[in-house]
Amino acid sequence: MTAPPDLTATTGTRRRRAYWQAASTLCVLVAVVCLLRRHWPVLANGAGRLAVADQGWLLVAGTAAFGTWVSSALAQQGAVPQRLPGGRLVAAQFAASAANHVLPAGLGAGAVNLRFLMRCGLPVARSASALAVKATAGVVVRIVLIGVLATACPGVLRVPHISVGVVGVVLAVVALVAVLLNCPLWPRCRRALAAVLTDIRAVHARPQRAVALWGGSLAFAALHSLVLISVTQAVELPLSPARVALLYLAASSAAALLPTPGGIGSLDAALVFALTASGTTASAAASVVLGYRLLTVWLPLIPGLLVLGVLVRRKDL
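Following the working numbering, the residues of the sequence shown are numbered contiguously, the last one being 1458.
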């Protein structure tokens, strides 16, 4: 019995997309390894500076890192009208964070959360829509925070000079979108967008869910910023908290354009570039990024994967 043509085509498209993502991830990781070898003395100096950092501030950073999973669970609860099991929801976010650092472009976190919502009784379409609602709220919150902090810290973010070539590319993209609006896939995209908008209206019809969605999304971005702020304070970096938060939000938003696992490599490079552009020495920037990654990635990685295995074994995923 042969598979339907549509299913075969969809499977082939997904496979090609996975190959391209894996290839781009591999290229980025190879480039990161080359940069590590080239700048190893700076990294070693940064690690030494982190080893003698203020332990109190590092404890604050660790507490903020733990809070990111709680705030992510709160935002996910706000994205669905149904009540989700709180303890398992937080555990799923912890496991999703670990999975997100294994697979590229957030596929790990999306797959874990999608499976968890389905196990909680939501249909596939509603589960995917809930993830889209949460992601949309996160993007809106980041844009607002960047706008507010950029106003409070003038001169940190500079508007780049836009060349004629860039304008031409933008116009070409607009023309491509106009063509795609007439393609057969557009009705499916329109139905998916309509489903997301319907779920957004349903969430905002219940004030408690809306507060959870936006409050959790705001807390998630703020706590990640607090982790970086606390590490900069621990190594006595002379940057204001608002400036560090703005640099983190801008760097992490730029790093999201590269499909590396958990932003590994892309986020590190963006953070180092943002910190050094603000006058920080290379070794100090390296120590800050190492501390941030240690608390948000490397220390929770093995426990997160263990929690993922437990959730799978208990059929919560």
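All C-beta atoms, glycine included, are put in the ideal place defined by N, C-alpha and C.
Cβ neighbour criterion (16 or more within 10 Å) applied to residue i
i	result
tryptophan 1439	exposed
proline 1441	buried
alanine 1293	exposed
leucine 1447	exposed
leucine 1398	exposed
arginine 1434	buried
alanine 1266	exposed
arginine 1384	buried
threonine 1339	exposed
Residue span of the alpha helix (DSSP H) that contains residue i, given as start and end
i	result
threonine 1277	1265-1293
leucine 1354	1348-1375
tryptophan 1439	Here tryptophan 1439 belongs to no alpha helix (DSSP H), and DSSP marks it neither H nor E.
leucine 1225	Segment: none, leucine 1225 is in no alpha helix (DSSP H) and carries neither H nor E.
glycine 1208	1196-1219
arginine 1384	1382-1396
aspartate 1409	1407-1418
valine 1253	1248-1260
Cβ pair residue i, residue j closer than 7 Å
i	j	result
glycine 1357	serine 1268	no
leucine 1191	glycine 1432	yes
valine 1376	alanine 1202	no
valine 1274	isoleucine 1341	yes
leucine 1387	leucine 1290	yes
leucine 1378	alanine 1411	no
alanine 1236	asparagine 1254	no
serine 1366	tyrosine 1389	yes
alanine 1271	leucine 1258	yes
Residue i versus residue j - alpha carbon distance
i	j	result
valine 1368	phenylalanine 1361	11 Å
alanine 1240	arginine 1260	18 Å
serine 1381	aspartate 1457	43 Å
arginine 1256	glycine 1228	16 Å
valine 1282	alanine 1276	10 Å
serine 1419	aspartate 1409	16 Å
leucine 1359	isoleucine 1287	12 Å
valine 1451	proline 1264	23 Å
serine 1351	glycine 1279	This sequence places alanine at residue 1351; serine is not what is there. Answer to the nearest angstrom: the Cα atoms are 13 Å apart.
alanine 1346	threonine 1209	26 Å
valine 1453	arginine 1224	21 Å
alanine 1353	proline 1226	15 Å
isoleucine 1284	tryptophan 1355	13 Å
proline 1348	proline 1222	11 Å
alanine 1427	glycine 1262	45 Å
alanine 1083	threonine 1422	No information on residue 1083 is available, as it lies outside the stretch 1142 to 1458 that the chain covers here.
arginine 1455	serine 1393	34 Å
serine 1204	glutamine 1196	The question names serine, but residue 1204 in the sequence shown is threonine. Approximately 12 Å between the Cα atoms of the pair.
tryptophan 1463	histidine 1242	Any property of residue 1463 remains undetermined from this structure, which presents the chain solely from 1142 to 1458.
valine 1307	isoleucine 1443	Because valine 1307 carries a pLDDT of 48, less than 50, the predicted location of this residue cannot be relied on, and no value is offered for it.
alanine 1417	leucine 1248	Note on identity: in this sequence residue 1417 is threonine, with alanine being the wrong assignment. Cα-Cα distance, rounded: 31 Å.
Whole-Å CB distance - residue i paired with residue j, under 8 Å assumed
i	j	result
threonine 1373	valine 1413	The pair is not a contact, with the Cβ atoms about 13 Å apart (cut-off 8 Å).
alanine 1396	alanine 1415	The Cβ separation is near 10 Å, so there is no contact.
glutamine 1217	leucine 1230	6 Å
glutamine 1234	alanine 1214	5 Å
valine 1297	alanine 1220	Valine 1297 to alanine 1220, Cβ: 32 Å. No contact.
leucine 1449	alanine 1206	Incorrect: roughly 18 Å between the Cβ atoms, too far for contact.
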